[in-house]
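Colleague:
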DNA sequence: CTGAAAGCGCTTACAG
DNA sequence: CTGAAAGCGCTTACAG
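Chains as they are written, first to last, in the numbering used here: chain A, 1 to 332; chain B, 333 to 664.
(1) Going by DSSP in three states, residue 23 of chain A sits in which element: helix, strand or coil?
(2) Nearest-angstrom Cα distance between residue 403 of chain B and residue 525 of chain B?
(3) Check residue 33 of chain A in the structure and name its three-state DSSP category.
(4) For residue 405 of chain B, does the count of other Cβ atoms within 10 angstroms reach 16, so buried, or fall short, so exposed?
(5) Among B/437, B/490, B/605, which one has its Cα closest to the Cα of residue 662 of chain B?
(6) For the 8 Å Cβ check, are there 3 or more pairs between the region 540-560 of chain B and the region 648-664 of chain B?
(7) Out of curiosity, what's the CA-to-CA distance linking residue 254 of chain A and residue 292 of chain A?
(8) Can you tell me where the beta strand (DSSP E) holding residue 150 of chain A begins and where it ends?
(9) Counting only beta-carbon atoms, is residue 638 of chain B nearer than 8 Å to chain A?
(10) Do you know offhand how far residue 493 of chain B's Cα is from residue 138 of chain A's?
(11) Determine the chain B residues that contact residue 327 of chain A at a beta-carbon separation under 7 Å, and present them in chain order.
(12) Helix or strand or just coil, what does DSSP make of residue 607 of chain B?
(13) On a CA-only basis, which of A/12, A/14, A/324, A/37 is nearest residue 22 of chain A? Give me that one, please.
(14) With H, G and I counted as helix, E and B as strand and the rest as coil, what does DSSP make of residue 478 of chain B?
(15) Under the assumption that residue 398 of chain B contacts residue 642 of chain B (Cβ atoms under 8 Å), give the Cβ distance between them as a whole number of angstroms.
(16) Please go through the same chain and pick out, in chain order, the residues whose beta-carbon is closer than 8 Å to the beta-carbon of residue 325 of chain A, but skip the five residues on each side of it.
(17) Whose C-alpha, out of A/119, A/126, A/184, A/47, is nearest the C-alpha of residue 332 of chain A?
(18) Between residue 367 of chain B and residue 345 of chain B, what straight-line distance do the alpha-carbon atoms span, to the nearest angstrom?
(19) What number of angstroms, rounded off, separates the C-alpha of residue 335 of chain A from the C-alpha of residue 145 of chain A?
(20) Using DSSP's beta-bridge definition, name the partner residues of residue 497 of chain B.
(21) Specify the secondary structure class of residue 109 of chain A as computed by DSSP and reduced to three states.
(22) Please list the segments of the alpha helix (DSSP H) lying wholly inside the region 617-648 of chain B, counting only runs of 4 or more residues, in order along the chain.
(23) Using a C-beta to C-beta distance shorter than 8 Å, which residues of chain A count as neighbours of residue 621 of chain B?
(24) Under 8 Å, with one C-beta from each stretch per pair, do the region 379-398 of chain B and the region 51-65 of chain A reach the 3-pair mark?
(25) Could you tell me whether any Cβ in chain A is nearer than 8 Å to the Cβ of residue 453 of chain B?
(26) Can you tell which of A/167, A/283, A/179, A/224 has its C-alpha closest to the C-alpha of residue 199 of chain A?
(27) Put residue 600 of chain B into one of helix, strand or coil per three-state DSSP.
(28) By DSSP, does residue 216 of chain A sit in helix, in strand, or in coil?
(29) Tell me whether residue 542 of chain B is buried or exposed, calling it buried when 16 or more other Cβ atoms sit within 10 Å of its Cβ.
(30) Residue 590 of chain B: buried (16+ other C-beta within 10 angstroms of its C-beta) or exposed?
(31) Answer with buried or exposed for residue 506 of chain B, where buried requires no fewer than 16 other C-beta atoms within 10 angstroms of its C-beta.
(32) State the start and end residues of the unbroken alpha helix (DSSP H) segment that holds residue 569 of chain B.
(33) Which two residues bound the contiguous alpha helix (DSSP H) that contains residue 58 of chain A?
(34) With residue 467 of chain B and residue 445 of chain B assumed to form a contact (beta carbons below 8 Å), what rounded beta-carbon distance in angstroms separates them?
(35) With a CB to CB cut of under 6 Å and the five nearest residues on each side skipped, what residues in its chain are close to residue 437 of chain B?
(36) If you drop the 5 nearest sequence neighbours on each side, which residues of the same chain put their C-beta closer than 8 Å to that of residue 108 of chain A?
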């Protein structure tokens, strides 16, 4: 079953390939008679014509594909929540409305920057969405390809052509969390976070939390975990219990749930004796034996925004920030 | 920055494009002198050459891309677990080792079969992986494209060229669940499942469960839920409690966890008074306030197998079945 | 207003 | 052993 080409249609319609291409691509072209246009459309339909996108890509130098690059640590994390799946669905959804397809690529630990760049180059991508923290030289390398890049949840500060940032109001979220805990009467607060360096999302959540606490004249304790996972939260619960604090802000929901299960197991009553608040509002935070108070962010929207900014030259080097809000449930 | 082409290399090396193409593509071609080969490779490297995959696709009629098609109901489900994200990572991982890229596509409710077929046709796909239940006419339509299709967790029975099935040993898993419940001393068992029709995964889990129960001379009760979600499990718990049963097999882990939280909330003691077993072994079943006994399946492997079978003409129309095993935790 | 022709970058018979 | 040439299916100046 050979596929129909423009030539087939042209022959059948008794016109040139140029004409067929024009009619098919430029919906409101006026230079052809309505009759001729209808006839060509009819034949295309009849012959079941579909553009060969590879051919189109070759001549236009544009593949109509974007790629979502997921850093290696992501595979360990998806275990924790379908969070990034939502992000991807947002990306895919928006991309589709723009006639773009999305390739998904999990970066392997064994993959070198060069290999990745070679790959990206060969695909003539329309854009790249990078999720989370990623090798800086990779960003710089990708940037040399001269195609738009959207960095989601990434706090590097490249003020470059083609580079866009999509973030959450992490700092504000941290403040909301601190204020809520204080409002609920908790007095000795701690924050559980992963290693904090300036370029991490958790750092900004921590900064907001700290500011609000200090403003109120309180002190905060800092607890560093390796990764913000259920297991880490659970395992650290004994330490937290013995610290003499009565409230905790965890930089991810799954960490908060682990902590809360651990504390409960140690006989700590939540929310009576101890308040817990998370961040993200993953579905599990609601669907849990004790629904979790958390900071909500719209991750699907983040995905959509990422695709949007790709074509927006105005936003080169600048950050788009998605808003957050507090969702009070039963752990505070 | 114009990209390097074969022509650029050919000129620099003083050979023909054909020669360059041959050297670059056929690693162990012998017809050229080692010196010349090295020289061409060196120049390619120096000029930072990368194949233009669009051009290659055009001439070979093959894009080196596969697509993962996710049915519309999937978006509601991912909420429940990162289960399908794992599947995709398995697919992506295997595909990458074969030099294939994977496009991800969430089918929208508003999308017609025709639109989908038109899209698939235009992309010159190397293969299609379909996840879950999907419109039969879509399968048939895709099949007309004459490219390999792997159906994962799909129980239709098309014995056609290019059609492959990847399933789990669902029936056997159901049997394991029933036997385990009985061994643990539970006597009046029920199964919670979504609507059971022959072409659904849950149907087969139910069949296995029923068989084992009947073999043992017991009777089973059947509880139908709309979707196998946490909320449904939680909401049905009162009904289950009043049914006079002392054990339940839920066809998904998340449903089991919902049921168990609901029952616990009603004062039912698990596992003392009531046993619960799930299916899938999602990460949450382990990382839970009360770890869930469940039937484990290797979903990453399923993804890898799906890609594998794509190129295997032997398996047209036949089913590959991934094994399962019981994981005893604290709910039985 | 319409179409012949060049060209996108590659692969692959085929001729020398 | 090597390369000129055709061709994959499309778009787009440009000429008539």
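Beta carbons: idealized from backbone N, C-alpha and C, even for Gly.
Modeller: According to the data block:
(1) Correct three-state label for residue 23 of chain A: helix.
(2) For residue 403 of chain B and residue 525 of chain B, the distance between alpha carbons rounds to 20 Å.
(3) Judged by DSSP in its simplified three-state form, residue 33 of chain A adopts coil rather than helix or strand.
(4) By the neighbour-count rule (16 or more Cβ atoms within 10 Å), residue 405 of chain B is not buried but exposed.
(5) If we check each option's Cα against that of residue 662 of chain B, B/605 comes out closest.
(6) No, the region 540-560 of chain B is not in contact with the region 648-664 of chain B.
(7) The alpha-carbon of residue 254 of chain A is positioned some 10 Å away from that of residue 292 of chain A.
(8) Element bounds for residue 150 of chain A: 149-152.
(9) By this cut-off, residue 638 of chain B is not an interface position.
(10) For residue 493 of chain B and residue 138 of chain A, the gap between their C-alpha atoms comes out near 43 Å.
(11) For residue 327 of chain A, none of the residues of chain B pass the 7 Å Cβ criterion, the least Cβ distance being about 16 Å.
(12) Residue 607 of chain B: strand per DSSP, three-state reduction.
(13) That would be A/37, whose Cα lies nearest to the Cα of residue 22 of chain A.
(14) Reduced to three states, the DSSP call for residue 478 of chain B is coil.
(15) The C-beta separation of residue 398 of chain B from residue 642 of chain B comes to about 7 Å, placing the pair in contact by the 8 Å criterion.
(16) Closer than 8 Å at Cβ, skipping near neighbours: 176, 295, 296.
(17) Closest by alpha carbon: A/184.
(18) A direct Cα-Cα distance of roughly 11 Å separates residue 367 of chain B from residue 345 of chain B.
(19) Coverage of chain A is limited to positions 1 through 332, which leaves residue 335 of chain A absent and any answer about it impossible.
(20) Beta-bridge analysis with DSSP links residue 497 of chain B to B/483, B/651.
(21) Three-state DSSP puts residue 109 of chain A in coil, outside helix and strand.
(22) Listed in chain order, they are 631-642.
(23) Scanning chain A for C-beta atoms nearer than 8 Å to the C-beta of residue 621 of chain B yields 261, 264, 265, 289, reported in chain order.
(24) Inter-segment contact for the region 379-398 of chain B and the region 51-65 of chain A is present: three or more beta-carbon pairs are separated by less than 8 Å.
(25) With 8 Å as the cut-off, residue 453 of chain B counts as an interface residue toward chain A.
(26) From the listed residues A/167, A/283, A/179, A/224, the smallest Cα separation to residue 199 of chain A is found for A/167.
(27) In the displayed model, residue 600 of chain B falls within coil according to three-state DSSP, outside both helix and strand.
(28) Here DSSP, grouped into helix, strand and coil, assigns residue 216 of chain A to coil.
(29) It is buried - the Cβ of residue 542 of chain B has at least 16 other Cβ atoms within 10 Å.
(30) Looking at its Cβ environment, which holds 16 or more other Cβ atoms inside 10 Å, residue 590 of chain B is buried.
(31) By the neighbour-count rule (16 or more Cβ atoms within 10 Å), residue 506 of chain B is buried.
(32) It spans 562-574 - the alpha helix (DSSP H) in which residue 569 of chain B sits, taken as one unbroken run.
(33) Its alpha helix (DSSP H) spans residues 53-60.
(34) Contact between residue 467 of chain B and residue 445 of chain B holds: CB atoms are separated by about 6 Å, below the 8 Å threshold.
(35) These residues qualify, in order along the chain: 399, 401.
(36) Leaving aside the five residues that flank residue 108 of chain A on each side, the residues in its chain whose CB is nearer than 8 Å to its CB run, in chain order, 72.
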